[in-house]
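Novice:
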Amino acid sequence: MKATVVERRAELLRLYTGLPWKTALARVEAAAPGSQLIPEPDADQLMLEARVMAALA
1007 MKATVVERRA
1017 ELLRLYTGLP
1027 WKTALARVEA
1037 AAPGSQLIPE
1047 PDADQLMLEA
1057 RVMAALA
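The working numbering numbers the first residue of the sequence shown as 1007 and each following residue consecutively.
1. How is ALA1063 classed by DSSP in three states: helix, strand or coil?
2. Count the other C-beta atoms from every protein chain shown that fall within 10 angstroms of the C-beta of ALA1038, then say buried if there are 16 or more, exposed otherwise.
3. Please decide whether GLY1040 counts as near chain D, where near means a Cβ-Cβ distance under 8 Å.
4. How would you write the range of the alpha helix (DSSP H) that THR1010 sits in, first residue to last?
5. Near ALA1036, which residues of its chain fall below 7 Å by C-beta distance, leaving aside the five closest residues on each side in sequence?
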């Protein structure tokens, strides 16, 4: 388990996005504390995800 909040956020970003560890850590260090690291999806992305989930269900 990572020791600091920055390292824990970087680990989550790495797991969610598949970024390499150093890239995720650099992105977290550059971001404001508590800011969103992954942008909210737009309407098209939400529709795509809804259709995929409906097809899988």
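Backbone N, C-alpha and C define an ideal beta-carbon position, used for all residues, glycine too.
Specialist: Judging by the given coordinates:
1. Correct three-state label for ALA1063: coil.
2. exposed
3. Looking at the structure shown, chain D is missing, and only one protein chain is on hand.
4. Unbroken run through THR1010: none, as it is neither H nor E.
5. Nothing listed; no residue qualifies.
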